[in-house]
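Heads up, the thing below is written out as structure tokens.
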Amino acid sequence: MKWYRVWVLVAAVATTAGLRAPLGAAGVESAVLKSLASRLEARIGVLTIEASAPVPFVTSQPDPRSFVVELRDVVPAGVLPAVTPDPRSPIAGVRVDTATGVDGAAVARVNVTLSQPGRPRVRSSRNLIIVEADRADVEMSTGGAISAAGPAAVIRDVKFAHDGPTTSVTLVGTGRLDPLSVRLAPEGRRRLLLEFANVSSAVPHTATPGQGPVSQVRIGLSARSPLITEVALELARPVNHAVQASADGQNLTVRFDDPQAVVAAAPPVPDVPGTTTRPAAVTPAADTILATSDAAAVARLQAAPAAAQQAPTAAVESNAQSKQYTGHPISLDFQGADLRSVLRTFSEISGLNLVIDPSIQGQVDVALRDVPWDQALDIILRANRLGYMVDGTIVRVAPLTVLAEEEGQRRKLRDEQALAGDLRVMSKALSYAKAEDLKALLTATALSQRGSIQTDTRTNTLIINDLAERLERARSLIETLDVPQPQVEIEARIVQTTRAFANALGIQWGISGRATPALGNPLPLGFPNSVNAAGSVGLAADVPNSAARLALGSVNGALNVDIALTALEKTGQGRVLSTPRVSTQNNIEAEITQGIQIPIQTVANNTVTVSFRDAALTLKVTPQITASKTVIMRIQVANESPDFSRQVNGIPPIDTQRAVTQVQVSDGETTVIGGIYVSREQATQDRTPYLYRLPMLGWLFKRNTTEDESRELLIFITPKIARL
509 MKWYRVWVLV
519 AAVATTAGLR
529 APLGAAGVES
539 AVLKSLASRL
549 EARIGVLTIE
559 ASAPVPFVTS
569 QPDPRSFVVE
579 LRDVVPAGVL
589 PAVTPDPRSP
599 IAGVRVDTAT
609 GVDGAAVARV
619 NVTLSQPGRP
629 RVRSSRNLII
639 VEADRADVEM
649 STGGAISAAG
659 PAAVIRDVKF
669 AHDGPTTSVT
679 LVGTGRLDPL
689 SVRLAPEGRR
699 RLLLEFANVS
709 SAVPHTATPG
719 QGPVSQVRIG
729 LSARSPLITE
739 VALELARPVN
749 HAVQASADGQ
759 NLTVRFDDPQ
769 AVVAAAPPVP
779 DVPGTTTRPA
789 AVTPAADTIL
799 ATSDAAAVAR
809 LQAAPAAAQQ
819 APTAAVESNA
829 QSKQYTGHPI
839 SLDFQGADLR
849 SVLRTFSEIS
859 GLNLVIDPSI
869 QGQVDVALRD
879 VPWDQALDII
889 LRANRLGYMV
899 DGTIVRVAPL
909 TVLAEEEGQR
919 RKLRDEQALA
929 GDLRVMSKAL
939 SYAKAEDLKA
949 LLTATALSQR
959 GSIQTDTRTN
969 TLIINDLAER
979 LERARSLIET
989 LDVPQPQVEI
999 EARIVQTTRA
1009 FANALGIQWG
1019 ISGRATPALG
1029 NPLPLGFPNS
1039 VNAAGSVGLA
1049 ADVPNSAARL
1059 ALGSVNGALN
1069 VDIALTALEK
1079 TGQGRVLSTP
1089 RVSTQNNIEA
1099 EITQGIQIPI
1109 QTVANNTVTV
1119 SFRDAALTLK
1129 VTPQITASKT
1139 VIMRIQVANE
1149 SPDFSRQVNG
1159 IPPIDTQRAV
1169 TQVQVSDGET
1179 TVIGGIYVSR
1189 EQATQDRTPY
1199 LYRLPMLGWL
1209 FKRNTTEDES
1219 RELLIFITPK
1229 IARL
């Protein structure tokens, strides 16, 4: 909120225009306030302040009709001519006062009286300071004109009341408080905005109710116009609201109905003895700031997140984006300024009781516009590797190395004081944990540098020698760790199924014939004159289990033909179920094995060595029980069996199915961790050369064989947590 701005300009000292001034603070020669001039440019009143050299200055606005320009290290040049502003100018009068700063510097204060409420602008050019004030009838950027006619009201207090689910925020004014608008901000409906024309405020720019749905109340000038005061009610959550004015219009109450009626998250500003609840004006001038209690500023500094996190030593953090700054906005423009003087300026701005470490030296070059003063201080401290610590109502600024060294010395002192006690002995017999396993853990986490720990394996006892405080810490840790571990029963089911089918079909031809004189069909040769011939053609099924035979022949037996039709069909199904089951404690590996061991002989250098190879069903599992009562298991399942049908030198090969995995399963539920499916199909054809090519008859000289085989393996796992 822009209660007031501070413009500070520090430049190289220029030569004075033949004027000689007395020495100021620290022997620095003061500049001279040479002249004041007022003029009217269109509808803008311009006041020109001329000094003999560029000087730092501070501006403030105690009320809507007053404006103050305070120049440091400046003295008036004798009697300045009186300033007579144009009657049409918004600048009604100018008065110059002299004062002395807290550091002994000469201060010239130019008091500007405005004919109507407004917010002057200030700019500088070398040794000239120019104040510009707009007339109220000039159209604003909002597109309309806000009249300053009529008396201006001042918000003099903000009151909070809580009645069950209802929270009330009342604005108390010196005149009528008629809001121009009451609206919810579009961003999430978490801010209620009230705008007032010709109204100023004499309360702090932020107020915290401490409970209810309103987390904070902010009061400041609107960004649309300097003649509009904006009251923002920050809401912790969306709630219904109603606005009601008093009979005389000087009190405006906003009521919030909150069914939850919970305490707001924002904590109240701590009460510090000697602080005031509100200043006497909208924005104090420099002298008013100095009169404000220093304890209030310290309380605000202590309430900042950085100070709260690091109390009592509050070194500045490297990441400033996470902080929340609550100081009023200021503008700074320093070039080659002394660092110690800049820090003293913050003491005047904030009212802090500030102590600067003697080792701090250096210069400051910054240009900041409208930033909270505590953020500006934070940035300057970090830029110069400085930090601060709060001691009551006093803030001490020192280099980070100094603060770190002091904190290290304090920590060392605390450690030495903690180690200065008498040593005591404690023995603790363990029931579930092993003493040797806890020894290293207790030494690293619970014991001091003077502590020692011994174990008795026979009785599973810990013997600890340390300070009384550390013994209590070790006792608490032992009670946490020495607890029974739950057990888990893991059941695995291994299902293996096989299916086989074979089909074969074949035809075999047999033929025989004789030529002999006995049958009347001798050969026409003298030798041989008789012959017996027999043969077969075609293919029969291998080891047929069925056959059909047909024989044809002549009456005298000179020619015989037989046909054999053979067929084979085999079908087989098998199912093997293995169910290994094992129980173990949490995080303890368990193994169960069932099967045979096959001896394997090895001959080397005329030496026979016999080794054994497992061919068994094995289950290895390590369970881990989670807080949600699920079980994480590292599993290794192997099903190995010898195949003596394919042995080599009496040693059979091993048929193996194995699964290695890690799964998470709920208590009592079953999951499939692996599956293997193998399918084999084969078709063969045997045939008689040349004859299988005979058209229409070729199939009589072929044998067809079809084989189909499939195997399937499934592994199921079921964990069950045992209740002890």
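For the sequence shown, counting from 1, position 85 maps to 593 in our numbering; every step adds exactly one. Just so you know, even glycine gets a beta-carbon here, dropped at the ideal spot from N, CA and C.
- Counting of Cβ neighbours within 10 angstroms places residue 944 among the exposed residues, the total staying below 16.
- With a cutoff of 8 Å on beta-carbon distance, residue 748 and residue 679 are scored as not near each other.
- Approximately 5 Å separates the beta-carbon atoms of residue 709 and residue 727; this is inside 8 Å, confirming the contact.
- If only complete runs of 4 or more residues are kept, the stretch 873-949 shows the alpha helix (DSSP H) at 881-891, 908-926, in order along the chain.
- For residue 856, the enclosing alpha helix (DSSP H) covers residues 847-858.
- Taking the CA atoms as reference points, residue 1097 sits about 11 Å from residue 996.
- Taking residue 985 as the centre and dropping the five residues before and after it, the same chain places the C-beta of 954 closer than 6 Å to its C-beta, in chain order.
- In this structure, residue 1090 keeps its C-beta atom at 8 Å or more from the C-beta atom of residue 1116.
- In the structure shown, residue 1211 adopts extended strand secondary structure according to DSSP, grouped into three states.
- Here residue 963 has 943, 944, 947, 969, 970, 971 as same chain residues with Cβ atoms under 8 Å from its own Cβ, once five neighbours each way along the sequence are excluded.
- Around the beta-carbon of residue 924, fewer than 16 other beta-carbon atoms lie within 10 Å, marking it exposed.
- For the 8 Å CB-CB criterion, residue 1169 and residue 1181 form a contact.
- With 16 or more other Cβ atoms from the protein chains shown falling within 10 Å of its own Cβ, residue 881 counts as buried.
- Proximity of the stretch 553-563 to the stretch 626-637 meets the contact definition, three or more beta-carbon pairs being nearer than 8 Å.
- Taking C-alpha positions only, residue 1157 is separated from residue 1085 by approximately 31 Å.
- About 12 Å separates the beta carbons of residue 1037 and residue 1022, which is beyond the 8 Å limit, so they are not a contact pair.
- In summary, residue 618 is buried, with 16 or more beta-carbon neighbours lying within 10 Å of its beta-carbon over all protein chains present.
- A direct Cα-to-Cα measurement between residue 842 and residue 693 gives close to 37 Å.
- Around the CB of residue 897, 16 or more other CB atoms lie within 10 Å, so the residue is classed as buried.
- Pairing residue 940 with residue 928, the inter-Cα distance amounts to about 34 Å.
- Secondary structure at residue 1035: coil, using DSSP grouped into helix, strand and coil.
- Residue 540 and residue 580 have their C-alpha atoms some 10 Å from each other.
- When only Cα atoms are considered, residue 1174 and residue 1183 end up about 21 Å apart.
- Out of 1106, 567, 730, the CA that lies nearest to the CA of residue 1152 is found in 1106.
- If you compare the alpha carbons of 1134, 1162, 1142, 1127 with that of residue 1120, the shortest gap goes to 1162.
- Per the C-alpha coordinates, the member of 874, 865, 1147, 1010 positioned closest to residue 894 is 865.
- In the three-state reduction of the DSSP assignment, residue 1161 falls in the coil class.
- DSSP places residue 616 in the uninterrupted beta strand (DSSP E) bounded by 614-622.
- By the Cβ criterion, the stretch 1064-1082 is in contact with the stretch 1014-1034, since at least three pairs of Cβ atoms, one from each stretch, lie closer than 8 Å.
- When rounded, the separation of the alpha-carbon atoms in residue 615 and residue 625 is 26 Å.
- Under the three-state reduction of DSSP output, residue 1103 falls in the strand class.
- For residue 906, the closest C-alpha among the options 879, 930, 870 is that of 870.
- Here residue 1035 is exposed. Its C-beta has fewer than 16 other C-beta atoms within 10 Å.
- Cβ-Cβ separation between residue 1218 and residue 1007: approximately 5 Å, consistent with a contact (criterion under 8 Å).
- Beta-bridge analysis with DSSP links residue 632 to 637.
- Separation of residue 1209 and residue 1009 (C-alpha to C-alpha, rounded to the nearest whole angstrom) is 24 Å.
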